[in-house]
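Undergrad:
The structure is reproduced here in structure tokens:
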């Protein structure tokens, strides 16, 4: 009935009869059938076949009631009600409902003169009128339960933000999500969406992020796009409550030893960044030398990456030996990186460091990284190819890890307030061991710190090896059949189902059909999956920058290019 274009109310009046009493009623009906059979024997036409069918049904019912003493007979009257503003429309709906039931081999009766009695049966305190006895259905409890009565197709969460509308029903039914409340219910607050470009992933992530902020939480977004689309959206959607930090402009320092002075976190992030940046293993001879230099710098009076370089220089001038040679090699590599303008935000000791309590206190924080390039995905899988990549790409990869670590540390700082970390196209982080470990930490420990990860990818494999920990999952249009099958399995559906595969590849947000933009498959932590059409609120502040369709908005790169002086911006 949920597939109809109009709502239907239902009322089921039940009477449970114990097995012994039901068997006595069955025996009485059998005796009545015997009397009827004797009467029909006197007629030339003989006994009708309906009596034989009734006798067979009574025999089966008697047999099943005798199997166990706890069996009961369910005597039910089911009333379905439709309504409309005009009598003609109401009659048309009733006919459509009867036709639908007839197609499923169910018979619906519209008794004349009993409409009022049927309607009042659903009112509280109403007793079943004797006139409705002719509509009673007799079934054992097993058969009645197999009818699937009182079941429904639920979607999303019981309350929360309006994400969109359910497309699995003919009526307008909202789909709500309350991701920020998931940690309080001992569930993960992480959300992942995969799909082709243009399928609505970025718009969905922005909508979820803004909802978290509007409902009293915080959000930290890492914006890798050259257009700085997240920065544009933040300025429009949260004026006065957002903060834009341009990492590539080197207006502030993200040196972990200066951001977290005297803490184990600072030394940990510094060592992970340097091993990733310099391409050395932490358990090698060079890794051991680097670890010692980082520890000495972290415990110095003014810890910084510049201090790490100074300690390595001291170790390199200490004489001959393998450790001295390793230190000298590390000095040369760090000088190459530190002299590049893209690494100034890490190695320049003059820049003011970012402070979590002072600089990252806004509701919506966007860290833009436009200008930082990444190695191609093929190079990330082959270390020998990765070493041949341009220096700018290697710096970009390592700095983005450091920015993600900063976002994680900020999100975990205040467990009393929900914080979302938004990262679209997550492959740039999950393609490195350090980045994968960081994502794993957020997914495993985010609930304890009242934080969650909002991630997007074009292939669910790009979400990392711990993608099974995402509690909320969505699948947008995916035209590649192989990737679509993986996406169906990711959201808990059968990847071998040909109809589901057709829906994902061709019938979700069909191309050149503007009226169906935003269609996705959504799975919530309660295990319910639905087809939802995401609805963007009709608020100018949100609509102004939520989509990325070319030509719909001015190019931020042309009208709002940040400089070093405005690298850290607090929008007033």
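Numbering (the working numbering), first residue to last: 25 to 596. We treat Cβ as the ideally placed atom computed from N, Cα and C, and that holds for glycine. Predicted, not measured: the structure shown is a model, and the values here were computed from it.
1. Relative to the alpha-carbon of residue 41, which residue among 492, 461, 28 and 164 has its alpha-carbon at the smallest distance?
2. Which term fits residue 63, buried or exposed, when burial requires 16 or more other beta carbons within 10 angstroms of its beta carbon?
3. How far does the alpha helix (DSSP H) with residue 163 in it reach, from first residue to last?
4. Quick test of your reading: residue 532 and residue 495, contact by CB under 8 Å. State the CB separation rounded to the nearest angstrom.
5. Counting along the chain, where does the alpha helix (DSSP H) carrying residue 411 start and finish?
6. Taking 8 Å as the cut-off, does the region 467-487 touch the region 439-454 (at least 3 CB pairs, one atom from each stretch)?
7. Cutting at 6 Å between CB atoms, please list the residues of its own chain near residue 283, excluding the five before and the five after it.
8. For the region 147-158 against the region 111-127, are there 3 or more C-beta pairs whose distance is under 8 Å?
9. How would you call residue 358, buried or exposed, if buried means at least 16 neighbouring beta carbons within 10 angstroms?
10. Starting from the N-terminal side, write out each stretch of the alpha helix (DSSP H) that is 4 residues or longer and does not extend beyond the region 271-315.
11. First and last residue of the beta strand (DSSP E) that includes residue 190?
12. How long is the line joining the alpha carbons of residue 464 and residue 295, rounded to whole angstroms?
13. Taking the beta carbon of residue 594 as the centre, do at least 16 other beta carbons fall within 10 Å, making it buried, or is it exposed?
14. Relative to the alpha-carbon of residue 527, which residue among 558, 245 and 191 has its alpha-carbon at the smallest distance?
15. Bridge partners for residue 97 per DSSP, in chain order?
16. Looking only at C-alpha atoms, which of 314, 391, 315 and 292 sits nearest to residue 431?
17. Taking 8 Å as the threshold, find out whether the region 467-479 comes into contact with the region 430-447 through three or more Cβ pairs.
18. Residue range of the beta strand (DSSP E) that residue 476 falls in?
19. By the DSSP assignment, the beta strand (DSSP E) with residue 564 in it spans what residues?
20. Just mark residue 374 as buried or exposed, buried being the case when its beta carbon has 16 or more other beta carbons within 10 Å.
21. What is the C-beta distance between residue 370 and residue 329, in whole angstroms, given that I count them as a contact (C-beta under 8 Å)?
22. Excluding sequence positions up to five away, which residues of its chain have a Cβ less than 8 Å from the Cβ of residue 559?
23. Hey, quick one: how far does the beta strand (DSSP E) through residue 150 stretch, first residue to last?
24. Look at residue 285 and residue 327 and say whether their C-beta atoms are less than 8 Å apart.
25. How many angstroms separate the CA atom of residue 587 from the CA atom of residue 251?
26. Just checking my contact of residue 203 with residue 236 at CB under 8 Å: how many whole Å lie between their CB atoms?
27. Let's see if you can read the secondary structure: which residues bound the alpha helix (DSSP H) around residue 501?
28. Give the secondary structure of residue 105 by DSSP, where H, G and I count as helix, E and B as strand, and everything else as coil.
29. From residue 566 to residue 459, what does the alpha carbon distance come to, in whole angstroms?
30. Using the rule of at least 16 other Cβ atoms within 10 Å of the residue's Cβ for burial, across every protein chain shown, is residue 387 buried or exposed?
31. Have a look at residue 350 and residue 335 and give me their C-alpha separation to the nearest angstrom.
32. Among 277, 200, 324 and 289, which one has its Cα closest to the Cα of residue 557?
33. Quick check on DSSP: helix, strand or coil for residue 349?
34. Pick helix, strand or coil for residue 444, following the three-state DSSP scheme.
35. How many angstroms separate the CA atom of residue 91 from the CA atom of residue 115?
36. For residue 107, count the other beta carbons within 10 Å of its own beta carbon; 16 or more makes it buried, fewer makes it exposed. Which is it?
TA: From the atom records:
1. 164
2. exposed
3. Segment 161-164 is the beta strand (DSSP E) holding residue 163; no alpha helix (DSSP H) there.
4. Not really, about 22 Å apart at Cβ, beyond 8 Å.
5. Residue 411 -> no alpha helix (DSSP H), and no H or E assigned at all.
6. yes
7. 377 and 378
8. no
9. buried
10. 280-283 and 288-302
11. 185-190
12. 18 Å
13. Note that residue 594 has pLDDT 37, beneath the 50 cutoff, so the model's placement of it is unreliable and the number below is only indicative. By the 10 Å Cβ count, residue 594 comes out exposed.
14. 191
15. 41 and 164
16. 391
17. yes
18. 475-481
19. Not the beta strand (DSSP E): residue 564 falls in the alpha helix (DSSP H), residues 564-567.
20. exposed
21. 6 Å
22. 186, 187, 188, 189 and 542
23. Element bounds for residue 150: n/a, residue is neither H nor E.
24. yes
25. A caution first: residue 587 carries a pLDDT of 42, below 50, which makes its placement in the model too unreliable to give a value.
26. 7 Å
27. It is not in any alpha helix (DSSP H) - residue 501 carries neither H nor E in the DSSP assignment.
28. strand
29. 31 Å
30. buried
31. 13 Å
32. 200
33. helix
34. strand
35. 45 Å
36. exposed
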